[in-house]
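Okay, structure first, notes after.
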Amino acid sequence: MADLKEIVNMQTPFPRQLMFAEGDLVGLAGVYVYVGIVILLAAKWRLIRNAKMHRKFIHIMIGNIVFIWWVFNTSYVMAFLAAAPFIPLLILASPHSSVKKLKESFIGNATGEGHNYGLVYYAISWTLLAFFLFDHRMIASIAIVAMAYGDGMGGLIGKRFGKHRILGLKTMEGTAAVLLATTISAFTVILFYQYLSSAGLLFTPLMLLGTAIIMSLIIGCIVAVVELITPGAIDNLVIPMSVAGILLLVGMG
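Have a look at this one:
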């Protein structure tokens, strides 16, 4: 008599990648619980409310999901159940939405603080990277933190402390923040994924410490330039995609 697992695999009309595994369930729970905590903090933390930093707080903190999504077993679950569902939600909550309740909700207000579809592009980048770079999660994670921390901190510092304009509304202070935040966050991601690899949890090519530092600094410089010349309306697409593409071309892992 055929094994039950073989029978299920033969009879199911869905690809085997869609079959849930323990890591997928843990990953989904981790992502949604973490996103819920971030949104709750953004809505309730008086310091964030008074400073009107809802959107930037969400933009930056959601980037930490890169330290969760390594547990997923399948790209389909990680992309289409953990990331993609936020795309229609954010579209419906955008300033141009006809759904009044969502547009006037906390998420809608946070979306309206920046570019109309900025957070939508953010979710699209997550989805694309999760699906196409499932086997290169360190690269995908670096691309995400470049967008979350690099671009996020650049905008925050630039608006509050920027005095020396370089290009358009972009300032020297904001660009320096992009470079520093990207370098630190990229280095942190590299160390984290090197640990996962050494512990046998997720394979990533090993890298010498000096190489990791140099690569992080180069990534920081690249993101600083890309952010400087990219219109703010689409930087949540251009930054992560360009970083991922460059790292794939150089064979980072």
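Residue 1653 in this note's numbering is what sits at position 236 of the sequence shown, and the numbering runs on without skipping anything. The beta carbon of each residue, even a glycine, is placed where N, CA and C say it ideally should be. Fair warning: this is a prediction, and the values are worked out from it, not measured in the lab.
Checklist entry - What are the boundary residues of the alpha helix (DSSP H) that Ile1583 is part of? => result In the sequence shown, counting from the first residue as 1, residue 1583 sits at position 166. Unbroken run through Ile1583 is the beta strand (DSSP E), 1582-1584; no alpha helix (DSSP H).
Checklist entry - Any chance the stretch 1651-1668 sits against the stretch 1540-1559, with 3 or more Cβ pairs inside 8 Å? => result yes
Next on the checklist: Considering only DSSP beta bridges, list what Lys1587 is partnered with.
Outcome noted: Translated into the one-based positions of the sequence shown, residue 1587 becomes position 170. DSSP, once it has assigned bridges, lists Leu1584 as partnering Lys1587.
Item to check | Distance between Ala1593 and Ile1601 (C-alpha atoms, nearest Å) | outcome: For the purposes of this step, residue 1601 is taken as residue 184 along the sequence shown, with counting starting at 1. For the purposes of this step, residue 1593 is taken as residue 176 along the sequence shown, with counting starting at 1. Answer to the nearest angstrom: the Cα atoms are 12 Å apart.
Next on the checklist: If distances are taken between C-alpha atoms only, which option among Val1494, Ala1460, Val1483 comes closest to Lys1473?
Outcome noted: Your numbering for residue 1473 matches position 56 in the sequence shown. Per the Cα distances, Ala1460.
Item to check | Three CB pairs or more closer than 8 Å across the stretch 1558-1570 and the stretch 1496-1507 | outcome: no
Next on the checklist: I'd like to know whether the C-beta atoms of Ile1636 and Ala1661 end up nearer to each other than 8 Å.
Outcome noted: Numbered from 1 along the sequence shown, position 219 holds the residue referred to as residue 1636. Numbered from 1 along the sequence shown, position 244 holds the residue referred to as residue 1661. No, Cβ-Cβ distance for Ile1636 and Ala1661 is not below 8 Å.
Item to check | First through last residue of the alpha helix (DSSP H) which encompasses Asp1441 | outcome: As a position in the sequence shown, residue 1441 is number 24, starting the count at 1. That run of the alpha helix (DSSP H) goes 1439-1461.
Next on the checklist: Just to confirm before moving on: does the CB-CB distance between Ile1663 and Ile1646 stay below 8 Å?
Outcome noted: In the sequence shown, counting from the first residue as 1, residue 1663 sits at position 246. In the sequence shown, counting from the first residue as 1, residue 1646 sits at position 229. No, Cβ-Cβ distance for Ile1663 and Ile1646 is not below 8 Å.
Checklist entry - How is Val1667 classed by DSSP in three states: helix, strand or coil? => result By one-based count along the sequence shown, residue 1667 stands at place 250. Residue state, collapsed to three classes: coil.
Checklist entry - For Val1452, which residues of its own chain have a beta-carbon under 7 Å away from its beta-carbon, when the five flanking residues on both sides are left out? => result As a first step, residue 1452 is located in the sequence shown; it is residue number 35 there, counting from the start. Hits under 7 Å: Ile1479.
Checklist entry - With DSSP run on the structure shown, which of helix, strand or coil describes Ile1485? => result Counting from 1 along the sequence shown, the entry for residue 1485 is found at position 68. Residue state, collapsed to three classes: coil.
Item to check | Cα-Cα separation between Leu1597 and Phe1489, rounded to whole angstroms | outcome: In the sequence shown, residue 1597 corresponds to position 180, counting from 1. In the sequence shown, residue 1489 corresponds to position 72, counting from 1. Using only the alpha carbons, I get a separation of about 30 Å.
Next on the checklist: Would Ile1477 and Tyr1610 qualify as a contact pair, given that the criterion is a beta-carbon distance under 8 Å?
Outcome noted: Sequence index remark: in the sequence shown, residue 1477 carries index 60 (1-based). Sequence index remark: in the sequence shown, residue 1610 carries index 193 (1-based). Against a cut-off of 8 Å, the Cβ pair of Tyr1610 and Ile1477 comes out as no contact.
Checklist entry - Would DSSP call Leu1654 helix, strand or coil? => result Position 237 of the sequence shown holds residue 1654. Note: Leu1654 maps to helix in three-state DSSP.
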